[in-house]
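Undergrad: Residue numbers are given in the working numbering: position 501 of the sequence shown equals residue 509, and the series is strictly consecutive. Just so it is clear, CB atoms sit at the ideal spot from N, CA and C, and this is done for glycine as well. Right, I'll just put the structure down here and ask away after.
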Amino acid sequence: MHRRGFLAAGLATVLAGPRALAQMKMDDRSNMDSMPGMDMGDHSGHDMGAMGQGPVSLPEGQPLRELPLLANEAGRPGLFRARLTAAPATARFTADQDTPILAYNGTSPGPLIEAYEGDRVEITFFNRIEGEPSTIHWHGMPVPADQDGNPMDPVAAGADRVYAFDLPEGSAGTYWYHPHPHGRTAEQVYRGLAGAFVIKAKTDPVPAAYGDTALMFTDLRLAADGSMPDNTMIDMMNGRVGDHVLVNGQKNPKLAVAVGAKRRLRLYNATNARFLRLAFANASMTVIGSDGGLLEAPVAADEILLSPAERVELVVAFDRPGSATLTTLPYDRGWMGPGRPTDAGLTLLTVGVSETPAEAMPPLPERLRPIAPLGTPGVSRRLVLTEAMTMNAASMGMDFLINGKTFDMGRVDIIARAGDTELWEIVNQADMDHPFHIHGTQFQVVERERDGKVAKPPYLAWKDTVNVARGETVRLLTRQERPGARMYHCHILEHEQLGMMGIVDVQA
Ligand code: C2O
Ligand code: CU
Ligand code: CU
Numbered sequence: 009m010h011r012r013g014f015l016a017a018g019l020a021t022v023l024a025g026p027r028a029l030a031q032m033k034m035d036d037r038s039n040m041d042s043m044p045g046m047d048m049g050d051h052s053g054h055d056m057g058a059m060g061q062g063p064v065s066l067p068e069g070q071p072l073r074e075l076p077l078l079a080n081e082a083g084r085p086g087l088f089r090a091r092l093t094a095a096p097a098t099a100r101f102t103a104d105q106d107t108p109i110l111a112y113n114g115t116s117p118g119p120l121i122e123a124y125e126g127d128r129v130e131i132t133f134f135n136r137i138e139g140e141p142s143t144i145h146w147h148g149m150p151v152p153a154d155q156d157g158n159p160m161d162p163v164a165a166g167a168d169r170v171y172a173f174d175l176p177e178g179s180a181g182t183y184w185y186h187p188h189p190h191g192r193t194a195e196q197v198y199r200g201l202a203g204a205f206v207i208k209a210k211t212d213p214v215p216a217a218y219g220d221t222a223l224m225f226t227d228l229r230l231a232a233d234g235s236m237p238d239n240t241m242i243d244m245m246n247g248r249v250g251d252h253v254l255v256n257g258q259k260n261p262k263l264a265v266a267v268g269a270k271r272r273l274r275l276y277n278a279t280n281a282r283f284l285r286l287a288f289a290n291a292s293m294t295v296i297g298s299d300g301g302l303l304e305a306p307v308a309a310d311e312i313l314l315s316p317a318e319r320v321e322l323v324v325a326f327d328r329p330g331s332a333t334l335t336t337l338p339y340d341r342g343w344m345g346p347g348r349p350t351d352a353g354l355t356l357l358t359v360g361v362s363e364t365p366a367e368a369m370p371p372l373p374e375r376l377r378p379i380a381p382l383g384t385p386g387v388s389r390r391l392v393l394t395e396a397m398t399m400n401a402a403s404m405g406m407d408f409l410i411n412g413k414t415f416d417m418g419r420v421d422i423i424a425r426a427g428d429t430e431l432w433e434i435v436n437q438a439d440m441d442h443p444f445h446i447h448g449t450q451f452q453v454v455e456r457e458r459d460g461k462v463a464k465p466p467y468l469a470w471k472d473t474v475n476v477a478r479g480e481t482v483r484l485l486t487r488q489e490r491p492g493a494r495m496y497h498c499h500i501l502e503h504e505q506l507g508m509m510g511i512v513d514v515q516a
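If you want it as structure tokens, here you go:
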């Protein structure tokens, strides 16, 4: 069969229903993406990104835009008070087209929130998204359950509410915020709603001379008319992957540093579903922190896998003049059907390293802070992740399951006790990697098992999201300190929408 005809038929099959999907699933390693020159755009009505006429190209090499800071209106120490409005806006990704997006306070990514350990935070949220409920979820942060923007607490279109919480001592770290309304999280996030939230320590062991720069990765798909296409069935199955990875809203922006400089960078994977295996050419990376703050000691790294929703804090040393680039390496996270995105060889950021030497940089301390192990669990639980074909049209042919169930807002899946340490064993029996996230707390990964081989993580770290690869089991220790209902879910947001989420009710 002619390739083009075969592929078009392939997509028609995908659209035909569950049985066909089962077939696609069996065929998912057939590597259709490697065939050049196909054009499925007009045939399917779906934008197939790099597979189609080729994505709209975006300007590159503009100076890196720092995320705008959310202004603190409190006017007294110890309190952070501000307003965040989610509303339609437009963005200029190309020279001549406006793209309708959703934005917090008019910008995407949203404003950077910087507050200190011990601060009280009061943020008034205005939902100005027409006809859609929304919430603000404080991803990874230790906030009370009823302030955490859960799907059970929607803010109606046109309404507002105050989110109020205290930032405990020891909570310094690299968090973020995004909407979490039932069934609409994926779309509100890919249309632009996500922002960084940095809790700063009162005393920080990392030298201030390194600066502190947030780099938020998002994933953009633009149609020829400048709009963002809706999710297709392929997007729902795999999670939406766009055509352009952006850093702070820009494609491959440029940062200038002097040779010998060290920079503290906070990397956020705020994409719906793109796995980023990252490396720095011509610069050396040291990991100093994870989702929930600093490690005990710095760890040199040649590459980093950042799955959706994960964050990492780095110190990057620029010791050679010239150009240092942050690029992506190949990573196979499992893909169903056509349209597997190009994941290797993307340049995300270009750092121009000048010949003029930087002022002498103070060294990074050998110890950053202690991390107490969570200790012996009193309870252990097993959560099995699977994918299944379904006849339910609302699921677009696929369900994503935890212990055989899809999410039900009216059901409690796990009852836990505040202050108890639990062992959670996350077993991935599905064909794709699933980045697993728990709300309201930071956990510690204790081991990974694959094909009967058990490996301990190389260092202790506070995490709220961990990738569970296909066929892998991840064991983690978790403890919830505050009572209330908490979500746990896959952070491929389309999978969360198609059911891979549950509720743990934490009792006092
Ligand atoms: Cu980013 Cu339910 O979370
Ligand atoms: Cu979360
Ligand atoms: Cu998933």
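Rounded to whole angstroms, how far is the Cβ of Leu409 from the Cβ of Met508, which I believe are closer than 8 Å?
TA: 7 Å
Undergrad: Expressed to the nearest angstrom, what Euclidean distance is found between the alpha-carbon atoms of Asp421 and Val453?
TA: 22 Å
Undergrad: Just to check, is the beta-carbon of Gly148 closer than 7 Å to a non-hydrogen atom of ligand 2?
TA: yes
Undergrad: Please report the Cβ distance between Glu502 and Asp243, rounded to the nearest whole angstrom; I am assuming they are in contact, meaning their Cβ atoms lie under 8 Å.
TA: 6 Å
Undergrad: Within the present structure, is the beta-carbon of Met508 separated from the nearest heavy atom of ligand 1 by less than 7 Å?
TA: no
Undergrad: Under a Cβ-count criterion, where at least 16 other Cβ atoms within 10 Å of its own Cβ denotes burial, should Gly86 be classed as buried or exposed?
TA: Flag for Gly86 reads exposed.
Undergrad: Please classify Asn158: does DSSP put it in a helix, a strand, or coil?
TA: Here Asn158 sits in coil by DSSP.
Undergrad: Buried or exposed for Tyr496, please, with buried defined as at least 16 other CB atoms from any protein chain shown within 10 angstroms of its CB.
TA: buried
Undergrad: For Leu314, tell me which candidate among Ala94, Ala287, Arg328, Leu303 has the shortest Cα-Cα distance.
TA: The residue among Ala94, Ala287, Arg328, Leu303 with its C-alpha nearest the C-alpha of Leu314 is Ala287.
Undergrad: Out of Arg487, Tyr339, Glu457, Asp161, which has the shortest C-alpha to C-alpha gap to Val514?
TA: Closest option to Val514, Cα to Cα, is Arg487.
Undergrad: For Thr384, does the count of other Cβ atoms within 10 angstroms reach 16, so buried, or fall short, so exposed?
TA: exposed
Undergrad: Just list the residues that DSSP pairs Tyr171 with in beta bridges.
TA: Ile131
Undergrad: So, His145 versus Tyr183, is the Cβ gap smaller than 8 Å?
TA: The Cβ-Cβ distance between His145 and Tyr183 does not fall below 8 Å.
Undergrad: Per the contact definition of three or more C-beta pairs closer than 8 Å, is the segment 342–351 in contact with the segment 359–377?
TA: no
Undergrad: Let me check one thing: in DSSP terms, what residues is His147 bridge-paired to?
TA: Trp184
Undergrad: According to DSSP, which residues form a beta bridge with Pro373?
TA: Pro373 pairs with nothing; no bridge assigned.
Undergrad: Take the Cβ of Gln70 as the centre, count every other Cβ of all protein chains shown within 10 Å, and call the residue buried at 16 or more, exposed below.
TA: exposed
Undergrad: Among residues of its own chain, excluding the 5 on either side of Asp41, which ones have a beta-carbon nearer than 6 Å to its beta-carbon?
TA: Residue placement at Asp41 is flagged as unreliable, the pLDDT there being 38, under the threshold of 50; a coordinate-derived value is accordingly withheld.
Undergrad: When DSSP builds the beta bridges, which residues end up paired with Leu313?
TA: Arg285
Undergrad: When DSSP labels each residue in this structure, what does Asp513 get in the three-state scheme?
TA: strand
Undergrad: At the level of alpha carbons, what is the spacing between Met236 and Ile109?
TA: 8 Å
Undergrad: Classify Asp472 as buried or exposed, calling it buried when 16 or more other Cβ atoms lie within 10 Å of its own Cβ.
TA: buried
Undergrad: So who's on the other strand from Gln450, going by DSSP bridges?
TA: For Gln450, which the question treats as bridged, DSSP gives no partner whatsoever.
Undergrad: Short check: CB of Leu457 to CB of Glu480, under 8 Å?
TA: Checking the sequence shown, residue 457 turns out to be Glu, not Leu. For Glu457 and Glu480, yes; Cβs fall inside 8 Å.
Undergrad: Considering only heavy atoms of ligand 1, does any lie closer than 7 Å to the CB of Met495?
TA: yes
Undergrad: Using the beta-carbon count (16 or more within 10 Å), is Tyr112 buried or exposed?
TA: buried
Undergrad: With distances taken from each beta carbon to the nearest heavy atom of ligand 3, which residues come in below 5 Å, in chain order?
TA: His442, Cys498, Ile500, His503
Undergrad: Say whether the segment 302–313 touches the segment 370–385, bearing in mind that this needs 3 or more beta-carbon pairs closer than 8 Å, one atom from each stretch.
TA: yes
Undergrad: Tell me the DSSP secondary structure of Tyr112 in three-state form.
TA: Strand, per DSSP.
Undergrad: What does a CB cutoff of less than 6 Å around Met149 pick up in its chain, not counting 5 residues either side in sequence?
TA: Tyr183
Undergrad: At a cut of 8 Å, does the segment 163–179 reach the segment 191–205 through at least three beta carbon pairs?
TA: no
Undergrad: CB Leu322 to CB Thr294, shorter than 8 Å?
TA: yes
Undergrad: Distance check for Asp161 and Cys498, CA to CA, integer angstroms please.
TA: 20 Å
Undergrad: Excluding the five sequence neighbours on either side, which residues of its own chain have a C-beta within less than 6 Å of the C-beta of Ala516, listed in chain order?
TA: Once the five neighbours on either side are set aside, the close Cβ partners of Ala516 are Ala426, Pro491.
Undergrad: Is Ile242 helix, strand or coil when you go by DSSP?
TA: helix
Undergrad: Tell me whether the segment 222–230 and the segment 244–254 touch, counting them as touching only if at least three CB pairs, one residue from each stretch, are closer than 8 Å.
TA: Judged by Cβ distances under 8 Å, the segment 222–230 makes contact with the segment 244–254, as three or more pairs qualify.
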